[in-house]
Structures are given as C-alpha cells and as structure tokens.
Ligand SMILES: NC(=O)c1ccc[n+]([C@@H]2O[C@H](COP(=O)([O-])OP(=O)(O)OC[C@H]3O[C@@H](n4cnc5c(N)ncnc54)[C@H](OP(=O)(O)O)[C@@H]3O)[C@@H](O)[C@H]2O)c1
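In this note's numbering, the protein residues as written are 105 to 392.
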C-alpha cells in the first residue's frame, strides 16, 4: 500500500498528511451512497490517510456514509484506525460549551469511531469563542479529540482567538484557498506561517472549475497531467498548506493523489501568476 507522500505539521508538531479527501456533497442522497462508500474505500486503498467531513454535510449524512465506509475498510483490512486523521466540524449554532460536546457526541456516533483527530469550529457565529474553546477542552480532557482548530477565520478572528488562554493551541485553520481565491496570501497565510499554524485549503480546485480553466492547460500539457492536478500541485507546493479535494470518480481520486509528486517550475508559477494574480491588498476572506 502506498503511504502518504507529503506530510505537514499541526501547530504542536503532530504530523498529518498534506493531502486529504473532502466529503462535502456526499451523504446527501440514498441513491449515491453506495458509490460514495466505494470512493472512500478506494481512496484509502490508494493511500489517502486524511478525511475531512462536518456535521453540516448532508446534515449528518456524510458522517454516516463515512462511518459505513470506514467500518467496511477496517473489516477488510484496508486501513487501520491509527493510520487515519479524521477531521470533522461543529456548526457555529452548536458551539456553546455544552453544544460542542453534544454535537461531537452525535458526530462520533455517526462515524462509529472512538475519537475524532481534529475537530473544527466550522465558521464564526454568535457564541463567544471562549465558550467554544471550553467545549473543546472538555472533549480533550476526556481523550475524545486529539486537536481542535477553526475554519473560515480571517486574521482579525485569529488575533482574537490567540488572545484567549487556550487560543495558541489552535491546530489549524481551514479556509478557501485555490488559484482562483488567493486573497489569504496577502495577510492570513503569512500571519499563520509566522506562528506555525497550518492552513487547510478547501475547494482547492474551485469545486472542479479549475479543471476546465484554459489558463492551466499549457502548464498541464508540459507535465502531461490534468489542469486539476496543476491546481492541486500549486496549493501543495507550500510546506504549511494541506489540501482536501473532494472526489468520487476513480480517475479524480487517482489524479489528485498523484498530484503530490508534481513539481511546478518557476516558469509554470510565473505563467499561473500572470492569469491568477497574487493579491495586492487586503481582500475579504473568501468563503463557499
Ligand atoms: N470549511 C468549510 O467551510 C468548507 C467549505 C467547502 C469545502 N470544504 C471541504 O473541502 C472539500 C473540498 O472542497 P469542494 O468539495 O468544495 O471542492 P473541490 O475539492 O475543489 O472540488 C470538488 C469537485 O471537483 C471534482 N474533481 C475532483 N478532482 C478532480 C479532478 N482531478 N479532475 C476534475 N474534477 C475533479 C469533483 O468531482 P467528483 O466528486 O465527481 O469526482 C467535485 O465535483 C469539501 O469536500 C469539504 O470537505 C470545507
């Protein structure tokens, strides 16, 4: 079995794979569930060891589907629990201290696991961050989560978070980052880099759109790869960025995994910059 090729480090130094599998839009329909379970199992056989999900996805449906896929994969000896990094997220409207614990317990039941490796606040809501962090702390004290983090936090949110006593333990921030959404390069990415907080890039191929973007074709042709692979390699070229593309199709799963070894040249990067210009000033945090 192929091991994960690229690794990254959470804020406390824990190593996790640089490439994961996203699960948004999975678990929404009964008639696609079997194909999704097969896709997750194929991903595991290919060597994916990081899976991203959330209580929001399919209102629990993605976690349920993932739980079924993992049970089958464990039973078939395709992967062991200890080899996996499972990421899930709590809704902001569940993010009170007690709400976090209850939402977590529901997620865990759906996943059929004993723990979640990285548990994120999905985006900022009205609940004071200190209350949410207390919920995370209670879960950590019970050994139920290894790490906690946030998602869709801009610099001002991160500053507020890190001012709290437990804030510096934030393991990662998951945000929209792709060739088509480079705004975080101006401030958030360097801010996190300075503090050793990794960035998890969601929608790294712009929900599939970058695969059809003519600007990527020339670079892709030079390397004999697809445009989506160029988009992924571009995100993954940075040592503190994790990418979690979602894929169900077998060819997509394979291509995305293989993108870990694609090395873009300075000429490639320059060509991509000429079409997808780096930000020249502060941009509002992009969200999907
Ligand atoms: N924290 C947040 O607020 C947040 C927001 C959005 C997403 N996310 C997470 O990030 C994950 C990824 O984002 P995303 O699902 O929005 O978009 P994405 O990963 O950029 O794109 C997924 C789409 O691209 C297609 N695709 C995947 N690999 C491809 C390839 N090699 N060539 C051509 N098409 C390809 C997929 O098709 P098939 O599925 O048909 O193979 C799917 O339609 C989500 O699933 C979720 O886990 C988090």
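Where is the CB? At the ideal position from N, CA and C, for every residue including glycine.
(message) Quick check: what's the CA-CA separation for residue 92 versus residue 251?
(response) In the structure as shown, the chain begins at 105 and stops at 392. Residue 92 is therefore absent and cannot be evaluated.
(message) Applying the 10 Å Cβ sphere with the 16-neighbour rule, what's the burial state of residue 260?
(response) The C-beta of residue 260 has fewer than 16 other C-beta atoms within 10 Å across all chains shown, which makes the residue exposed.
(message) My output table needs one value for residue 354: the three-state DSSP class, helix, strand or coil.
(response) Helix at residue 354.
(request) Keeping to the same chain, check which residues put their C-beta closer than 7 Å to that of residue 165; ignore five residues upstream and five downstream. (result) 131, 132.
(request) Output yes or no for whether 8 Å exceeds the beta carbon distance between residue 289 and residue 388. (result) For residue 289 and residue 388, no; Cβs fall outside 8 Å.
(message) Can you determine whether any heavy atom of ligand 1 sits closer than 7 Å to the C-beta of residue 207, and answer yes or no?
(response) Judged by the Cβ position, residue 207 fails to qualify as a neighbour of ligand 1 at the 7 Å threshold, every heavy atom of the ligand being at least this far.
(request) Please report how far the alpha carbon of residue 318 lies from the alpha carbon of residue 346, in whole angstroms. (result) Each residue's Cα considered, the two are about 25 Å apart.
(message) Taking 7 Å as the cut-off, is the C-beta of residue 145 nearer than that to any heavy atom in ligand 2?
(response) Only ligand 1 can be found as ligands here, which leaves ligand 2 out of the picture.
(request) Grab the span of the alpha helix (DSSP H) containing residue 202 for me, first residue to last. (result) Membership of residue 202 in the alpha helix (DSSP H) is indicated by the continuous run 201-215.
(message) Ignoring anything shorter than 4 residues, give me the alpha helix (DSSP H) runs that lie fully in the stretch 145-211, in order along the chain.
(response) When DSSP assignments are scanned along the stretch 145-211, the uninterrupted stretches of alpha helix (DSSP H) that are 4 or more residues long and fall wholly within it turn out to be 165-179.
(message) Once DSSP output is grouped into helix, strand and coil, what is the label at residue 378?
(response) Shown here, residue 378 sits in a helix according to DSSP, grouped into three states.
(request) Would you kindly work out how many angstroms separate the C-alpha atoms of residue 240 and residue 326, rounded to a whole number? (result) C-alpha of residue 240 to C-alpha of residue 326: approximately 47 Å in a straight line.
(request) Measure the CB-CB distance between residue 255 and residue 225 and report whether it falls below 8 Å. (result) Yes, these two residues count as a Cβ contact at 8 Å.
(request) For residue 105, count neighbouring Cβ atoms within 10 angstroms of its own Cβ and tell me buried if that reaches 16, exposed if not. (result) Model confidence at residue 105 stands at a pLDDT of 49, short of 50, so the residue's coordinates are unreliable; what they give is reported in the following sentence. Flag for residue 105 reads exposed.
(request) Classify residue 320 as helix, strand or coil using the three-state DSSP reduction. (result) In the three-state scheme derived from DSSP, where H, G and I count as helix and E and B as strand, residue 320 is classed as helix.
(request) May I ask you to list the residues that DSSP assigns as paired with residue 252? (result) Looking at the DSSP output, residue 252 sits in a beta bridge with 223.
(request) Indicate whether residue 276 and residue 249 have their beta-carbon atoms separated by less than 8 Å. (result) Not closer than 8 Å, so no.
(message) According to DSSP, is residue 105 part of a helix, a strand, or is it coil?
(response) Residue placement at residue 105 is flagged as unreliable, the pLDDT there being 49, under the threshold of 50; the coordinate-derived value follows with that caveat. Coil, per DSSP.
(message) Please list the terminal residues of the continuous alpha helix (DSSP H) segment that includes residue 390.
(response) First-last for residue 390: undefined, no H or E at that position.
(request) Can you grab the Cα-Cα spacing for the pair residue 190 / residue 267, in whole Å? (result) Using only the alpha carbons, I get a separation of about 27 Å.
(message) Quick check: residue 280 and residue 339, are their CB atoms within less than 8 Å of each other?
(response) A distance of 8 Å or more separates the beta carbons of residue 280 and residue 339.
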